[in-house]
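Student:
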Amino acid sequence: YTSREMGAWCAGNKIRQSMGATGVCWDNAVAESLFSSLKNEFYHHHSFTTRQDARRATMRYIEVFYNRWRPHTNNEGLPPATAMANFTTRNQPLPAAA
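Numbering-wise, our numbering comes out as the position in the sequence shown, counting from 1, plus 69.
1. If you measure between the beta carbons of A150 and R137, is that distance less than 8 Å?
2. Kindly indicate if chain D contains any beta-carbon less than 8 Å away from that of N160.
3. Unbroken alpha helix (DSSP H) runs of length 4 or more, entirely within the stretch 119-164: which are they?
4. Would DSSP call F117 helix, strand or coil?
5. Should the stretch 106-113 be regarded as contacting the stretch 123-143, the criterion being three or more beta carbon pairs within less than 8 Å?
6. In three-state DSSP terms, what is S105?
7. To the nearest angstrom, how far is it from the Cα of Q121 to the Cα of P148?
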């Protein structure tokens, strides 16, 4: 993600890359939180017979429970899907005056 091509793509799409110094954990905090929850709340409580079963169950955990029902402290206790819907509603462009 540090290539010039990636940097140009991000700049062209008005995306600011987050790249801190080596060893700075804040850039990956959201992903680290997800993986921690995935391991502690889900993975260690299930066994899977096939890789496909594990993939399906993991997607179900993330898409159904984690994103839609599980409260997150960084979102004022709201699940990510609810927080995103609230954010989108608050940030709708105002209609042009007639």
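Note that CB positions come from ideal geometry on N, CA and C, so glycine has one too.
Tutor: According to the structure shown:
1. Reading the sequence shown from its first residue, position 81 is the one you call residue 150. Reading the sequence shown from its first residue, position 68 is the one you call residue 137. Result yes, Cβ atoms of A150 and R137 sit closer than 8 Å.
2. Any reference to chain D falls outside this structure, which holds one protein chain only.
3. Segments of the alpha helix (DSSP H) lying fully in the stretch 119-164: 120-129 and 149-159.
4. The residue given as residue 117 occupies position 48 in the sequence shown. Coil at F117, not helix or strand.
5. yes
6. Numbered from its first residue, the sequence shown carries residue 105 at position 36. Residue state, collapsed to three classes: helix.
7. Start at 1 with the first residue of the sequence shown, and residue 121 comes out as number 52. Start at 1 with the first residue of the sequence shown, and residue 148 comes out as number 79. The straight-line gap from Cα to Cα measures roughly 27 Å.
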